[in-house]
Ligand code: GTR
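Numbering (the numbering used here), first residue to last: 289 to 722.
Here it is, written out as structure tokens:
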């Protein structure tokens, strides 16, 4: 792809000052480049070597993009394509008609009364073995369509709430992680404060990511990268598991768009950790998600890769070779050659609201690298007249900063907590004007 400068509009005074802002922000984190093989993981801030971030507004011909129109027409597609080629792979167009089957509906009291729906999304017209099971809770008192938070869960739909009516997964998927036992207490209710979500007038739509692809290096053989290979005209190696999971989120969105109980214009997509990586790629790829939330998504998610701290491309591609396209591996000890960094992934969400969150006890995810990526997506948001983080200093614990891009770091370990959710619910209320 050739990236051309945007010549469609004369540079206004605003765009000139935006350009200056771009330089200021970029200069704050850019320091001279060193070529250093990043063989091991570094957990010491003092040992972080200098690195250079690509400027998302700098077109390959050396001209700066200075308008939203130029970004959308030229730079956005170019950067998106670089992520497809080098990191996540192609995002196939849905060339197959989906089938939605309502399997169950009822009520559940999670502190507050909820309506429950369980829907199966089939991905092939006649085959019934390839599907995504969706569990939806809606505030029972609410009339009309409601905004929702959509997310994958790690351990299956029955893990999110002690609701005996939640249908078990249609099949068990190979590890890692324990096999789900029917009737066992929900194992992950702490990550899903269903009552808080419903009380604030939102619905929740969740699905188990392993319906799309089991999370191991052989998972592609039984996941959609094999079963939908023909239907989507994409070879398994043309995308990775994160790409497949992200694509599944878009199909969940297809369902949400046509459910009259749901306000399809107000769907916030949230993901934690590896599922945060998938949520960011889905949010970058599918502009119907009106808010995107990354909870401790780390390397390959919101954290900068060129900053040598915490998990590295070398470690992630060694431990999880199935998550990315094979091309990503070539940057394992050569991050300077990577033509993008994760602030550019965050930029692809612009101008939609974006929340990036870290935990101080989760240094493997590189909280500071996540913060700096959020800061450096700011110049793209500025093209749309939106304010980003507004500071280049990591804020104190539990002090969310920023407007359309927001960031917080909280104490504690890797996980998604009630505190995290409270910030996301407040952010959504603010952004959606509720
Ligand atoms: C870790 C991995 C991280 C993150 C995490 C998770 O083992 O290194 O990139 O994805 O798993 O998903 O919990």
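We put the beta carbon where it would ideally sit given N, CA and C, even for glycine.
The structure displayed is predicted, hence computed values, not measured ones.
- Residue 672 sits away from residue 641, with the two beta carbons spaced by 9 Å or more.
- DSSP places residue 435 inside the beta strand (DSSP E), whose first and last residues are 434-441.
- Excluding residues up to 5 positions away in sequence, 648, 697, 698, 699 lie with their Cβ nearer than 8 Å to the Cβ of residue 685 in the same chain.
- Relative to the Cα of residue 459, the nearest Cα in the group 419, 536, 398 belongs to 419.
- Secondary structure note for residue 520: it is in no beta strand (DSSP E), and the uninterrupted alpha helix (DSSP H) holding it is 517-520.
- Rounded to whole angstroms, residue 428 and residue 471 show a C-alpha spacing of 25 Å.
- Beta-bridge annotation (DSSP): residue 404 is paired with 394, 425.
- Judged by their CB atoms, residue 374 and residue 609 are not nearer to each other than the 9 Å cut-off.
- Assignment of beta-bridge partners to residue 496 by DSSP yields 441.
- By the Cβ neighbour-count rule, residue 349 is exposed, with fewer than 16 other Cβ atoms within 10 Å of its own.
- Between the alpha carbons of residue 396 and residue 630 lies a gap of roughly 40 Å.
- In this structure, residue 562 has its beta carbon less than 8 Å from a heavy atom of the ligand GTR.
- In this structure the segment 614-622 does not touch the segment 551-565; the number of beta carbon pairs closer than 8 Å is below three.
- Within the same chain, Cβ atoms closer than 7 Å to the Cβ of residue 436 are found at 490, 491, 492, 493, 544, 550, 555, the five residues on either side in sequence being excluded.
- Under the criterion of beta carbons closer than 8 Å, residue 632 and residue 367 qualify as touching, at roughly 5 Å.
- The beta carbon of residue 394 is closer than 6 Å to those of 404, 453 in its chain, skipping five residues each way along the sequence.
- For the set 481, 417, 547, 574, the Cα lying nearest the Cα of residue 432 is the one of 547.
- As computed with DSSP, residue 527 is found in a beta bridge with 377.
- When DSSP states are grouped into helix, strand and coil, residue 646 belongs to the strand group.
- The nearest non-hydrogen atom of the ligand GTR is less than 8 Å from the C-beta of residue 702.
- The count of Cβ pairs closer than 8 Å, one atom from the segment 571-587 and one from the segment 703-718, reaches three, so the stretches are in contact.
- Looking from the CA of residue 456, the closest CA among 406, 335, 708 belongs to 406.
- The three-state secondary structure of residue 663, taken from DSSP, is helix.
- Looking only at 573, 568, 479, the smallest Cα-Cα distance to residue 588 is reached by 568.
- For residue 582, the enclosing beta strand (DSSP E) has its first and last residue at 579-583.
- Straight-line spacing of the CA atoms in residue 390 and residue 579 works out to 26 Å.
- Of all alpha-carbon atoms in 637, 476, 644, the one lying nearest the alpha-carbon of residue 448 is that of 476.
- Nearest to residue 664 by C-alpha distance, out of 650, 652, 682, is 682.
- Between residue 596 and residue 562, the CB-CB gap reaches or exceeds 9 Å.
- Taking the C-beta atoms as reference points, residue 424 is found no nearer than 9 Å to residue 483.
- Relative to the Cα of residue 479, the nearest Cα in the group 560, 531, 541, 506 belongs to 560.
- Proximity of the beta carbon of residue 593 to the ligand GTR is not indicated: no heavy atom of the ligand is located closer than 8 Å.
- Collapsing the DSSP output to three states places residue 551 in a strand.
- Counted as a single uninterrupted DSSP element, the stretch harbouring residue 631 is not any beta strand (DSSP E) but the alpha helix (DSSP H) occupying residues 630-635.
- Residue state for residue 409 is assigned as strand, using DSSP reduced to three classes.
- Judged by the Cβ position, residue 519 fails to qualify as a neighbour of the ligand GTR at the 8 Å threshold, every heavy atom of the ligand being at least this far.
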